[in-house]
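Chemist: Next up is a structure, given as structure tokens.
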Ligand code: C2E
Ligand code: CA
Ligand code: CA
Ligand code: CA
């Protein structure tokens, strides 16, 4: 039994070493990729559910890795959060988004761009100053930039977060609460946080057309949002049925594969010129 235990120990240990070295290697590579600006933003349309009109886009990070292909943000964002790299990564996202906004403006396209901002990034007292600096540098009106902030367990200090968000809103930047319903303190956060939009997480939307109770959850979130004077945006609109149901429930905007996948910036112009089918 003793030797078995020893083997088991070694077995687990070597597995852990592999995992640790992979994340250590990825951390190093991510640091370099940020410095060289090798990450890219893809853009996914947000659509008005009543008219099918594109109202803006969400910027979503992509990391084209030389050996591993595209690495999902679901993998490298948590790594960036854990290592503190999220602050530099977040700054790169803001720079890339502002450059793109300027490029679209020069092409005669006035599009809203929503960027995802981590709570860690927001807790830096200087975020609003940095955003102001970038907007001035690229000559972009603040109403074209939106910030999406995920409701999660890092939101321990709601007062401080509210203050930071209000500073952004005072500048004219619209704020959305992301992944609504997945955290543990939805009601408290919704009541306390100064936000303009509420985004329903795709996990609820995806089930809403097959499960009565999930449909009720979505209906309740939309009602709650409206009661608090927020506009409601649904993620994960994959089918016509999702779009129809959400519109019937009074949801203002939708985003999902039914309308368009996240695509490189060049493809957004074509979509803008031809109305999205609904
Ligand atoms: P999120 O902010 O909730 O973004 C929505 C995710 O749903 C995106 O995944 C998007 O590609 C995906 N999606 C969109 N439509 C559909 C659909 O119809 N069906 C399904 N099943 N999925 C859909 P993605 O691009 O892999 O991003 C994952 C997460 O990574 C994001 O979730 C966000 O939390 C984080 N993330 C992405 N870019 C950034 C960034 O620039 N900064 C930060 N802090 N986080 C980011
Ligand atoms: Ca988001
Ligand atoms: Ca989500
Ligand atoms: Ca999220």
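Residue numbers (the UniProt record's numbering): 510 to 787.
Where is the CB? At the ideal position from N, CA and C, for every residue including glycine.
1) Between residue 589 and the rest of its own chain, which residues show a CB-CB distance below 7 Å, the 5 nearest in sequence each way excluded?
2) Where in the segment 720–751 do unbroken runs of the alpha helix (DSSP H), each at least 4 residues long, occur, reported from the N-terminal end onward?
3) So, residue 675 versus residue 650, is the Cβ gap smaller than 9 Å?
4) Hey, quick one: how far does the beta strand (DSSP E) through residue 579 stretch, first residue to last?
5) Determine which residues share a DSSP beta bridge with residue 593 and list them.
6) Please go through the same chain and pick out, in chain order, the residues whose beta-carbon is closer than 6 Å to the beta-carbon of residue 582, but skip the five residues on each side of it.
7) Please state whether DSSP places residue 655 in a helix, a strand or coil.
8) Let's test the definition: count the other Cβ atoms within 10 Å of the Cβ of residue 782 and tell me whether it reaches 16, buried, or not, exposed.
9) Within a Cβ cutoff of 7 Å, which residues of the same chain sit near residue 749, ignoring the five residues on either side of it in sequence?
10) Restricting to Cα atoms, I'd like to know which of 549, 568, 668 and 695 is closest to residue 737.
11) What do you reckon, are the CB atoms on residue 550 and residue 724 nearer than 9 Å?
12) What is the DSSP secondary structure of residue 510, counted as helix, strand or coil?
13) Should the segment 665–682 be called in touch with the segment 606–622, which here means at least 3 C-beta pairs below 8 Å?
Modeler: Reading from the atomic positions:
1) Leaving aside the five residues that flank residue 589 on each side, the residues in its chain whose CB is nearer than 7 Å to its CB run, in chain order, 539, 595 and 598.
2) Listed in chain order, they are 721–736.
3) Going by C-beta atoms, residue 675 is not nearer than 9 Å to residue 650.
4) 578–580 is the span of the beta strand (DSSP E), which, as asked, contains residue 579.
5) Assignment of beta-bridge partners to residue 593 by DSSP yields no partner.
6) Correct list, in chain order: 570.
7) Residue 655 falls in the strand class under three-state DSSP.
8) By the neighbour-count rule (16 or more Cβ atoms within 10 Å), residue 782 is not buried but exposed.
9) Within the same chain, Cβ atoms closer than 7 Å to the Cβ of residue 749 are found at 767, the five residues on either side in sequence being excluded.
10) Residue 737 has its Cα closest to that of 695, out of 549, 568, 668 and 695.
11) In this structure, residue 724 does not lie closer than 9 Å to residue 550 by Cβ.
12) Its pLDDT being 42, under 50, residue 510 is placed unreliably in this model, and the value from its coordinates should be taken loosely. If DSSP states are grouped into helix, strand and coil, residue 510 belongs with coil.
13) Between the segment 665–682 and the segment 606–622, the count of C-beta pairs closer than 8 Å stays below three; the two stretches do not touch.
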